[in-house]
Amino acid sequence: MEKALTALAVFTRFANLSTKGFTLIEVLICLGMMAAMSAIAAHLFSEQIALLQLDEVSYAFMQDAQLARQLSRQTNQTVTLKPLGNAEFRDWSYGWEITQDVFSSEEAFKTLKQYSLHGGHLKGRIQVAQNSLKDSQQFTDMSAPHKARHISFQSGNVALLRNGGFVANRIIWQHRQYPHLQMHVILGPGGRWRSCNPNRDNQKCL
136 MEKALTALAV FTRFANLSTK GFTLIEVLIC LGMMAAMSAI AAHLFSEQIA
186 LLQLDEVSYA FMQDAQLARQ LSRQTNQTVT LKPLGNAEFR DWSYGWEITQ
236 DVFSSEEAFK TLKQYSLHGG HLKGRIQVAQ NSLKDSQQFT DMSAPHKARH
286 ISFQSGNVAL LRNGGFVANR IIWQHRQYPH LQMHVILGPG GRWRSCNPNR
336 DNQKCL
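Pasting the structure below:
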C-alpha cells in the first residue's frame, strides 16, 4: 500500500512539473508571437509615416507652384519655381525655391521662398525617383540651354517652356527608406495640378 502511495505521489509530482513546463512553453510562444506582431506593427506604422511625408512634400510642391503663378500675376513679371542648388547643378531632391526675375544692376532674380528637403523633420528622407523618370520629365525644359529644370510663369499665365510651348510634365517623389513608396505630381497642359499614389491607383498616374 505504501509503495502504491509513493508511486502515485511521484506520478502526481511529474504531472505537475510537466504541466508547468508546457505552460512555460506556451508563454514563450505567446511572447514570440507578440514580438513578431509588434515588429510588423512598427513596420506598418513606419511606412504610414513615410506616406504622410510623401503627401506633405507633394502638397507643398503643388502649393508653391500655385503660389509662383499667383505672384507672377500680382507682379506682372516672370516668377519661377526651380530646384535648389547652384549655377552648375540643381536637384529637386534638395528642395526648391521661388524666384522672381528683376534684371536689376545688382541681381538677375530675387528669391521669394525656399523649401528644403534636407532640413527640419524631413532630413533628406524624400528624394526624386530618378530611375522612374525620363530625361524630359522633372519639369526639364528641353528647349533651354543645359536642359534647365524649372516651372516659369509670366503674368499669371500657364507655365511655358523657353520655346513657348505649354508645360505638361511630372515629378515623382520617393521615400529613401521605402523606395517602393512613391507619389506622382502631375501638371496638365491646362495648368491643373494633381497627385496620385501608383500603389493605390496606377491608372490615375498614367
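Under my numbering, the first residue of the sequence shown carries the number 136, and numbering increases by one thereafter. In this text, a Cβ means the ideal position worked out from N, Cα and C, and glycines have one as well. Computed from a prediction, not measured in an experiment: that's the story for all the values here.
Handout entry: Close beta carbons around ASN332, own chain, < 7 Å, minus the five adjacent residues each side
Key = MET318
Practice task
Determine the direct distance from the alpha carbon of ARG327 to that of ALA243, and round the result to whole angstroms.
Solution key: 29 Å
Exercise for the section: In the DSSP assignment, find the unbroken beta strand (DSSP E) run with PRO218 in it and report its ends. Expected result: 213–220
Handout entry: Cβ shell of PHE274 (< 6 Å), same chain only, five flanking positions each side left out
Key = ARG284, ILE286, ASN304
Problem - DSSP-derived helix/strand/coil call for LEU341 - result: coil
Handout entry: Distance between THR210 and CYS340 (C-alpha atoms, nearest Å)
Key = 34 Å
Exercise for the section: Using beta-carbon positions only, say whether ILE219 and ALA203 come within less than 7 Å of one another. Expected result: In the sequence as displayed, the identity of residue 219 is Leu instead of Ile. Not in contact: LEU219 and ALA203 (Cβ atoms no closer than 7 Å).
Practice task
Quick one: using the 10 Å Cβ neighbour count with 16 as the cut-off for buried, is GLU232 buried or exposed?
Solution key: buried
Exercise for the section: Determine, using beta-carbon pairs with one atom in the segment 287–300 and one in the segment 173–191, whether at least three such pairs fall under 8 Å. Expected result: no
Problem - Under 7 Å between C-beta atoms of VAL293 and SER193 - result: no
Problem - Pairwise C-alpha distance: MET197 and VAL214 - result: 15 Å
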